[in-house]
Structure formats: structure tokens, C-alpha cells
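Visitor:
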Amino acid sequence: MSIRDIIPDLDGVLEHRVRNIVDGSRWSLGVSPQRYEAYLMASVNISGAAYGHTPLDVRVHIALYNIMVMCIDDFTFDLHALQEFSTRLHSGLPQLHPVLEYLVDILHRMPDFYLPYVCKAITSCTVDFINMNLFEKETEDIPLCGHALRWVKHKRALNGIGNVYAFFIFDKFSFPDIHAHIQANPDIALVINYMNDVLSFYKEELAGETRNFIHDRAVATNKSVIVGLTDTADETLAALQAARSILKGQKEKDAMEQFMVGYAVFHFQSESRYYLKELTGSEFI
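Residue numbers (this note's numbering): 436 to 720.
1) Does the distance from the C-beta atom of valine 599 to that of isoleucine 557 stay below 8 Å?
2) Express the C-alpha separation of histidine 614 and asparagine 568 in angstroms, rounding to a whole number.
3) How is leucine 449 classed by DSSP in three states: helix, strand or coil?
4) To which residues of the same chain is serine 659 closer than 8 Å at the C-beta, ignoring the five residues directly before and after it?
5) Restricting to Cα atoms, I'd like to know which of Gly459, Ile623 and Val662 is closest to leucine 675.
6) Cβ of valine 479 within 8 Å of Cβ of aspartate 606?
7) For arginine 591, which three-state DSSP category applies?
8) Tyrosine 629 and threonine 665: beta carbons closer than 8 Å?
9) What number of angstroms, rounded off, separates the C-alpha of isoleucine 661 from the C-alpha of isoleucine 617?
10) What is the rounded straight-line gap between the Cα of glycine 643 and the Cα of alanine 690?
11) For the alpha helix (DSSP H) containing tryptophan 501, list its first residue and its last residue.
12) On a Cα-Cα basis, can you pick out the residue from Phe636, Val700, Pro611 and Phe603 that is closest to asparagine 620?
13) How is isoleucine 565 classed by DSSP in three states: helix, strand or coil?
14) Pull up the distance between the alpha-carbon of cysteine 560 and that of phenylalanine 512, whole angstroms please.
15) Do the region 566 to 586 and the region 523 to 541 meet, that is, are 3 or more Cβ pairs less than 8 Å apart?
16) Three-state secondary structure (DSSP) at cysteine 560?
17) Count the C-beta pairs between the region 495 to 509 and the region 444 to 456 that are closer than 8 Å, then say yes if the count reaches three, no if not.
18) Report back the beta-carbon spacing between asparagine 647 and aspartate 669 to the nearest angstrom; my notes put them in contact at under 8 Å.
19) Only counting the same chain, and skipping five residues up and downstream in sequence, which positions put a Cβ closer than 6 Å to that of leucine 542?
20) If you follow the alpha helix (DSSP H) that methionine 545 is in, where does it begin and where does it stop?
21) Any idea what DSSP makes of aspartate 669, helix, strand or coil?
22) Here's a check: name, in chain order, each residue in its chain whose Cβ is nearer than 8 Å to the Cβ of glycine 447, leaving out the five neighbours to either side.
23) Using three-state DSSP, classify tyrosine 471 as helix, strand or coil.
24) Grab me the residues of alanine 678's own chain with a C-beta within less than 8 Å of its C-beta, minus the 5 sequence neighbours each way, in chain order.
25) Which residues mark the beginning and the end of the alpha helix (DSSP H) in which glutamine 704 is found?
26) State the DSSP-derived secondary structure class of valine 466, mapped to helix, strand or coil.
27) What first and last residue would you give for the alpha helix (DSSP H) that runs through threonine 522?
28) Among Arg544, Ala655 and Tyr537, whose alpha-carbon lies nearest the alpha-carbon of tryptophan 750?
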């Protein structure tokens, strides 16, 4: 399959809708639009590529959520704003950074697109993501103990928020029966996180990055980094097979398969971010 055959936002409508919101008078992240332009385009591309089976309004909402997550990951935040996030979310107080305030608004509107349990779980996973993001900023120099593989996997589950992106596959309009897909969510979430780790490995090695899941896994298992990479790939494939077995309906199976192809396409088409064409020397996946 040529990745050039899949265009995430063929008619430009998704980008137009997202830009109308982002450029609106109410939207201000406290930085120039140029600062988050790359996040906007990446979010449009991943939403269009991976969630093309969902209605347009759902894809717009996913893109907006992803912009906020990328900002939290990359912006230099006052740690106090992150420390206060969950308390202020639960008490209804204003957040201490506009990115967090917009994120809360996006979470409050999740019931427009997803089932009640899923909305609560998305909020919980988002709080876990911010707490882990804060923890990692506060403990940058903590040494990783050998044999701490469960901690490494736990940390990755939280900071990767794969559960949220797995929940996003099954909107309430097309998939009203939660029983048909909910039990596959942990396996799909693992695939999302680990697939990103595997497809990001090359560019992170080029950059000399060692603070990532694959390197942490190697330390925790007393194995080489390459073995850590192959073990991660093997677990990814096993989880994908498990998810295929768990999903009950053909519609749910098709949605997951469309998501997985689109998720891979996003990585391969983001050449300036992942360098996968440079690695494979090919336009094909």
C-alpha cells in the first residue's frame, strides 16, 4: 500500500474547521500562533488519518484535544499550574494556564461525542497524563532501578494516554454498544503507545535521546536496547492480535483496522518528524 494513497484531510474541511476555532476571538494560548502551528497541523493530520471513519465533528474535537496534549508535552509550564490541575478540575475553579483551561472545556464537551463511561475514563486518563507529566518534570534525575519493568510500563501507560486515543476510535453515534469494544481498549491502548515508541525509535536514536520507553525497558530488563526494541514490537503484535479476538462486531473490527492503518500512515507521512522514509528508503508500508 502506498502511503501517498491516503490523504488525511483531502478536501481541507477538517483543517478549516479546526482553524476557525483556533483563530477565533476566544482562543488564546498565551503564545503566538506560530508557536503551536506545528501542533495544529500534526493534530489535523492524525485525526484525519486515524479517525477518518468517525463523523467530522468528532474528528474536529479529537484534533483540538490533541493540540492541547502536544502543548502540555512541549510547552514550558509553571509547575504550579500542573500541580493545581486536578484540584481545580474537580472543584470547578479556573485553571492557571490557558492551555489547561481549554483542555477542561474540551473534556466537558466529550459527552457530545462519546458514551458516559468513556467520557469519565477520558477525563481520568487525562488527569493521569498531566500528573505523570508533572512527576517526570519534578524527578528528571531519578535513577531507574533494575527489575522495575512494571514501573516502566505503568509510566508509559500514563504518559502515552493510549487509552484515550483508543476510546476515540468508537464514537457514540456509530458504536452505541459499549459491550462490543470496551474489553479491547487496554490492548488497543498498548498498541498505540508501543507502536509510537517503535516508529519513533529511529529519530530518537539520531537525536541521542535515551529518556524513552525502549531505553528504560532495556535498563529494567538488563537487556540491550535492540532487544528492548524487538520485545516492544513483539508485545505490540500480540496485543493487536488480542484486540482482534476481543472485538465482537465486524464494524468494530473494521474501525480498529482503519485506525491502525491511519495511525501508521500518520507516522510515515510525517517525514520531518520521524524520518521513516530515510530509514526504509521506501514510500510503502
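Backbone N, C-alpha and C define an ideal beta-carbon position, used for all residues, glycine too.
Keep in mind it's a predicted model, so treat the numbers as computed, not measured.
Guide: Let me lay it out:
1) If you number the sequence shown from 1, residue 599 lands on position 164. If you number the sequence shown from 1, residue 557 lands on position 122. Result yes, Cβ atoms of valine 599 and isoleucine 557 sit closer than 8 Å.
2) Reading the sequence shown from its first residue, position 133 is the one you call residue 568. Reading the sequence shown from its first residue, position 179 is the one you call residue 614. Going from the Cα of asparagine 568 to the Cα of histidine 614 covers about 32 Å.
3) Walking along the sequence shown from the start, residue 449 turns up at place 14. Three-state result, leucine 449: helix.
4) Numbered from 1 along the sequence shown, position 224 holds the residue referred to as residue 659. If we look at serine 659 and ignore the five residues flanking it on each side, its Cβ neighbours are Ala653.
5) Counted from its first residue, the sequence shown places residue 675 at position 240. Of Gly459, Ile623 and Val662, the residue nearest in Cα terms is Ile623.
6) Position 44 of the sequence shown, counted from the first residue, corresponds to residue 479. Position 171 of the sequence shown, counted from the first residue, corresponds to residue 606. It is not a contact, given that the beta carbons lie outside the stated cut-off.
7) In the sequence shown, counting from the first residue as 1, residue 591 sits at position 156. Looking at arginine 591 - three-state DSSP - the assignment turns out to be helix.
8) Taking the sequence shown and counting its residues from 1, one reaches residue 629 at position 194. Taking the sequence shown and counting its residues from 1, one reaches residue 665 at position 230. Result no, Cβ atoms of tyrosine 629 and threonine 665 do not sit closer than 8 Å.
9) If you number the sequence shown from 1, residue 661 lands on position 226. If you number the sequence shown from 1, residue 617 lands on position 182. The alpha-carbon atoms of isoleucine 661 and isoleucine 617 are separated by roughly 33 Å.
10) As a position in the sequence shown, residue 643 is number 208, starting the count at 1. As a position in the sequence shown, residue 690 is number 255, starting the count at 1. Distance between the alpha carbons of glycine 643 and alanine 690 is about 36 Å.
11) On the sequence shown, residue 501 is found 66 positions in, with the first residue counted as 1. In the sequence as displayed, the identity of residue 501 is asparagine instead of tryptophan. Note, asparagine 501: alpha helix (DSSP H), 491 to 509.
12) Mapped onto the sequence shown, residue 620 falls at position 185. Nearest C-alpha to asparagine 620: Phe603.
13) Counting from 1 along the sequence shown, the entry for residue 565 is found at position 130. Correct three-state label for isoleucine 565: helix.
14) Taking the sequence shown and counting its residues from 1, the one referred to as residue 560 is at position 125. Taking the sequence shown and counting its residues from 1, the one referred to as residue 512 is at position 77. If I take the Cα positions, the gap works out to 20 Å.
15) no
16) Taking the first residue of the sequence shown as position 1, residue 560 is located at position 125. Helix at cysteine 560.
17) yes
18) Along the sequence shown, read from residue 1 onward, the residue named residue 647 stands at position 212. Along the sequence shown, read from residue 1 onward, the residue named residue 669 stands at position 234. Going by Cβ atoms, the distance from asparagine 647 to aspartate 669 rounds to 18 Å, so no, they are not a contact pair.
19) If you number the sequence shown from 1, residue 542 lands on position 107. So the list reads Thr558, once near-sequence residues are dropped.
20) Residue mapping note: residue 545 aligns to position 110 of the sequence shown, counting from 1. Here methionine 545 belongs to no alpha helix (DSSP H), and DSSP marks it neither H nor E.
21) Start at 1 with the first residue of the sequence shown, and residue 669 comes out as number 234. Helix.
22) As a position in the sequence shown, residue 447 is number 12, starting the count at 1. Taken in chain order, the list of residues that qualify is empty.
23) As a position in the sequence shown, residue 471 is number 36, starting the count at 1. If DSSP states are grouped into helix, strand and coil, tyrosine 471 belongs with the helices.
24) Residue numbering aside, residue 678 sits at position 243 when the sequence shown is read from its first letter. Excluding sequence neighbours, alanine 678 sits near Ala619, Asp622, Ile623, Val626 and Met691.
25) By 1-based counting over the sequence shown, the position of residue 704 is 269. Segment 685 to 704, the alpha helix (DSSP H) holding glutamine 704.
26) By 1-based counting over the sequence shown, the position of residue 466 is 31. Reduced to three states, the DSSP call for valine 466 is coil.
27) In the sequence shown, residue 522 corresponds to position 87, counting from 1. Run containing threonine 522: 520 to 526, per the alpha helix (DSSP H) assignment.
28) In the structure displayed, the chain extends from 436 to 720; residue 750 sits before or after that span and is not available.
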